[in-house]
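Those protein sequence lines, which keep their order, are chains A and B.
Counted from 1, the first sequence has number 322 at position 301 by our numbering; the numbering is strictly sequential.
Counted from 1, the second sequence has number 73 at position 15 by our numbering; the numbering is strictly sequential.
By construction, the Cβ of each residue, glycine as well, lies at the ideal position given by its N, Cα and C atoms.
Quick caveat, the model's predicted, so the values are computed rather than measured.
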Amino acid sequence: MLTVATGNKAVATAVKQACPSVVAAYPITPQTEIVEQIAEFVTSGELKSQYIPVESEHSAMAACIGASVTGVRTFTATSSHGLHYMHEMVNWAAGARLPIVMANVNRALGPGWNIWAEHTDAFQERDTGWLQVYVGSVQEAYDATLMAFRIAEHESVLLPVMVNLDGFLLSHSMHPLQTVEIGDFIPPIRLPHAIDTAHPMGYGTLTGPDQYFRLRWDIERSMRDSVGVIRETEREFAKRFGRRYDAVEEYRCEDAEVVVVAMGTLGKEAEVAVDLLREEGVPAGSMRIRWLRPFPRLDLSGRDVVAIDRDYSFGFGGVIARSLAATEGAKPFSVIAGLGGQEVTYDDIAGFVRSRRPGEEYWFGVMPDV
Amino acid sequence: MSTRTRLARSRPTEGACGKTGTWRVFRPVVDRERCNACGICAMYCPDAAISEDLEVDLDYCKGCGICANECPKKAISMEREEK
C-alpha cells in the first residue's frame with residue numbers, strides 16, 4: 022500500500038508487522054514518535070505486544086534482554102544520549118547473543134546540547150557486537166527494519182541489529198512509503214539458548230581467562246557469517262517486494278575515477294552531487310555505506326576517494342575515512358561535515374569533489390573553503 | 059549447531075566457588091527464644107545458606123547481615139568472628 026510517512030512512522034509500521042512479543046522503550050527526541058506510535062498500535066489492539074514503559078533507556082534494554090532470553094521477539098528504539106545511557110546493556114545484549122532489534126535515530130551528543138543528525142552516537146557503539154545498518158530514505162527505514170528481525174534471528178547470526186536513521190532529516194521528514202504484505206518473510210523466532218524453566222541455569226555467569234575469549238570469537242564468527250545472511254535476506258526481500266539493497270549502494274560507479282563515500286542522507290545527497298559533476302564532465306560516482314558492522318569491502322582501487330564523515334573520533338579522524346584507509350589502503354580526502362545537523366547541500370558535496378586533496382582532512386565550515 | 063556454545067551458562071552447583079564462608083567477618087547468631095520461625099531470613103538470604111529448619115550453613119554464609127536486618131523479631135545478631 023502506498024502512503025506518506027515520516028521515518029519514525031515507517032519504523033513503527035515495520036515493527037507492527039514484525040509483531041514483537043515485547044517492546045520496552047523510553048522516549049527521547051527525535052525518536053519519541055516511534056515509541057508513541059507503537060504504544061498507539063498496542064492500545065488500539067493493532068499490535069498484540071507487551072509494551073513496557075520503563076524509567077530509563079538502561080532499563081529499556083535490560084527489559085528487552087530479560088524478554089529476549091525467554092526466546093521471544095523484542096524491539097526498542099532510542100537516540101543519542103539514550104543510547105549511551107543504555108551502553109552497558111547494549112554490550113550485554115550482544116554478549117548474551119540476543120537478537121534484539123533497535124532503531125536508533127542518529128543525533129549529536131551534548132554539550133552543546135543538540136538534537137540534530139550526527140552518526141557519532143551509534144559509531145560509539147560499533148565495537149559492541151551489534152550489527153549496524155544506516156538508511157538513506159523513509160522507505161529504506163521501513164525495509165531495513167523488517168529485514169533486521171530476519172537477520173538478527175537467523176541461527177547463523179543471533180546477534181542484535183541496530184537500524185540507524187538520521188535525526189529529523191529522516192525521522193521527521195515525510196516521504197512516500199510503500200508498505201508490503203510480509204507473509205512469512207520473517208520466520209518464527211527460535212533461540213537455541215532460550216531459558217528452559219524445567220532446566221534452570223545461570224546466564225552470563227563468571228567466565229574465566231580460560232574460556233572468555235572463546236565466547237568473543239563466537240561473536241566474531243557470527244559477525245562474519247552475517248555477511249552472507251544479510252546478502253541472502255536482501256536478495257529475498259528484492260525477490261518478494263521488488264526493492265534491492267546491498268551492503269554498499271553504488272551510484273554511477275562503473276567508470277568513476279572519483280568516488281564519494283558517505284552514509285545515511287548524505288549518501289543520498291552525494292548521488293545528486295554526482296549527477297551535477299557528471300554534467301560538468303567529472304567522472305564521479307557515489308558509494309553509500311549501509312552496513313557499518315559487519316564493515317563492507319569497497320572497490321576503491323585506482324580511484325580518488327572523498328569520504329564524508331558525519332562523525333568524528335577525536336585525536337584520530339573521521340571514522341569512515343580512517344576505516345577506508347585501514348581496510349582498502351585508501352588515501353581519502355577526508356571531509357568532516359554535517360556534525361550536529363550542519364547543513365550540507367549537494368552543491369557543497371560537488372565542491373568537495375572538485376577541490377579534493379587526497380590524504381588531507383577538511384572540516385567543512387571551519388577551515389577556509391577548498 | 060545446537061551444541062555450539064554462544065553464551066556462558068551454568069547449572070547451580072554447591073560449592074562451585076569453594077567454601078565462601080571463609081570470607082565472613084561477622085557471624086549471624088540466632089536467639090532461639092525470640093525467633094518465631096517465620097522464615098523471612100531464609101527467604102532474603104542471597105546465598106541460600108539458611109535451611110528450611112532455619113539453620114545457618116556456616117560453610118557458605120558470607121556474613122552479609124541481610125538476615126539480621128530483615129528479621130522482624132530482631133532475633134539475629136551479627137557477632138565478629140574470632141581471629
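What did DSSP end up calling A:F354 once you bin it into helix, strand or coil?
As a first step, residue 354 of chain A must be located in the first sequence, where it is residue number 333. Three-state result, A:F354: strand.
From the beta carbon of A:M82, is the nearest beta carbon of chain B less than 9 Å away?
Taking the first sequence and counting its residues from 1, one reaches residue 82 of chain A at position 61. Chain B contact via Cβ: absent.
How about A:V295 and A:G306: are their beta carbons less than 9 Å apart?
Within the first sequence, residue 295 of chain A is the residue found at index 274, counting from 1. Within the first sequence, residue 306 of chain A is the residue found at index 285, counting from 1. Yes. Within cutoff.
Proximal chain B residues relative to A:T226, where beta-carbon distance stays under 8 Å:
Within the first sequence, the letter at position 205 stands for residue 226 of chain A. Residues of chain B passing the Cβ test: A66, R67, S68.
Along the stretch 115-143 of chain A, where does the CB come closer than 7 Å to a CB of chain B? Name the residues.
A117, R118
Same chain only: Cβ atoms within 7 Å of A:A283, ignoring 5 sequence neighbours per side
To locate residue 283 of chain A, count along the first sequence from 1; it is residue 262. Cβ within range, chain order: A291, R309, I329.
Hey, how far is the Cα of A:E67 from the Cα of A:K37?
As a first step, residue 67 of chain A must be located in the first sequence, where it is residue number 46. As a first step, residue 37 of chain A must be located in the first sequence, where it is residue number 16. If I take the Cα positions, the gap works out to 8 Å.
Mind checking if B:T63 is an interface residue toward chain A, Cβ cutoff 9 Å exclusive?
Taking the first residue of the second sequence as 1, we reach residue 63 of chain B at position 5. Yes, B:T63 counts as interfacial toward chain A.
According to DSSP, simplified to helix, strand and coil, what is A:R245?
As a working mapping, residue 245 of chain A is identified with position 224 in the first sequence. DSSP places A:R245 in helix when its eight states are reduced to three.
Tell me which residues share the same chain as A:T271 and place their Cβ nearer than 6 Å to its Cβ, disregarding the 5 neighbours each side in the sequence.
Locating residue 271 of chain A in the first sequence gives position 250, where the first residue counts as 1. Here residue 271 of chain A turns out to be Glu, not Thr, going by the sequence shown. M308, listed in sequence order.
Who pairs with A:G380 in a beta bridge, going by DSSP?
For the purposes of this step, residue 380 of chain A is identified with residue 359 of the first sequence, where counting begins at 1. According to DSSP, which records beta bridges pairwise, A:G380 is partnered with nothing at all.
Applying the 10 Å Cβ sphere with the 16-neighbour rule, what's the burial state of B:A133?
Start at 1 with the first residue of the second sequence, and residue 133 of chain B comes out as number 75. The residue in question, B:A133, is buried, as its Cβ has 16 or more Cβ neighbours within 10 Å.
To the nearest angstrom, how far is it from the Cα of A:V154 to the Cα of A:L198?
Translated into positions along the first sequence, residue 154 of chain A becomes position 133. Translated into positions along the first sequence, residue 198 of chain A becomes position 177. Cα to Cα, the separation comes out at about 19 Å.
Top-ranked residue by Cα proximity to A:N135, from A:R299, A:E349, A:L287, A:G188
Translated into positions along the first sequence, residue 135 of chain A becomes position 114. Closest by alpha carbon: A:G188.
Return no unless some Cβ of chain B is closer than 9 Å to the Cβ of A:A235.
For the purposes of this step, residue 235 of chain A is taken as the residue at position 214 of the first sequence. The question names Ala, but residue 235 of chain A is Arg in the sequence shown. Yes, its Cβ sits closer than 9 Å to a Cβ of chain B.
Whose CA, out of A:A173, A:G204, A:P74, A:F144, lies closest to the CA of A:V43?
On the first sequence, residue 43 of chain A is found 22 positions in, with the first residue counted as 1. Selected option, being the one with the closest Cα: A:P74.
Do three or more CB pairs link the stretch 26-36 of chain A to the stretch 156-163 of chain A at distances below 8 Å?
yes
Strictly under 9 Å for the Cβ-Cβ distance: is B:M59 near chain A by that measure?
Start at 1 with the first residue of the second sequence, and residue 59 of chain B comes out as number 1. Confidence at B:M59 is low in this model, with a pLDDT of 42, below 50, so its placement is unreliable and the value that follows should be read with caution. For B:M59, the answer is yes, since a Cβ of chain A falls inside 9 Å of its Cβ.
Evaluate contact between the stretch 198-207 of chain A and the stretch 99-108 of chain A, counting only Cβ atoms and requiring at least three cross-stretch pairs below 8 Å.
no
Would A:E78 and A:I49 qualify as a contact pair, given that the criterion is a beta-carbon distance under 9 Å?
By 1-based counting over the first sequence, the position of residue 78 of chain A is 57. By 1-based counting over the first sequence, the position of residue 49 of chain A is 28. Against a cut-off of 9 Å, the Cβ pair of A:I49 and A:E78 comes out as a contact.
Rounding to the nearest angstrom, what Cα-Cα distance links A:Y383 and A:V356 in this structure?
Counting from one through the first sequence, the residue named residue 383 of chain A turns up at place 362. Counting from one through the first sequence, the residue named residue 356 of chain A turns up at place 335. If I take the Cα positions, the gap works out to 5 Å.
Residue from A:T24, A:L321, A:V280 with nearest C-alpha to A:H196
By 1-based counting over the first sequence, the position of residue 196 of chain A is 175. Answer by Cα proximity: A:T24.
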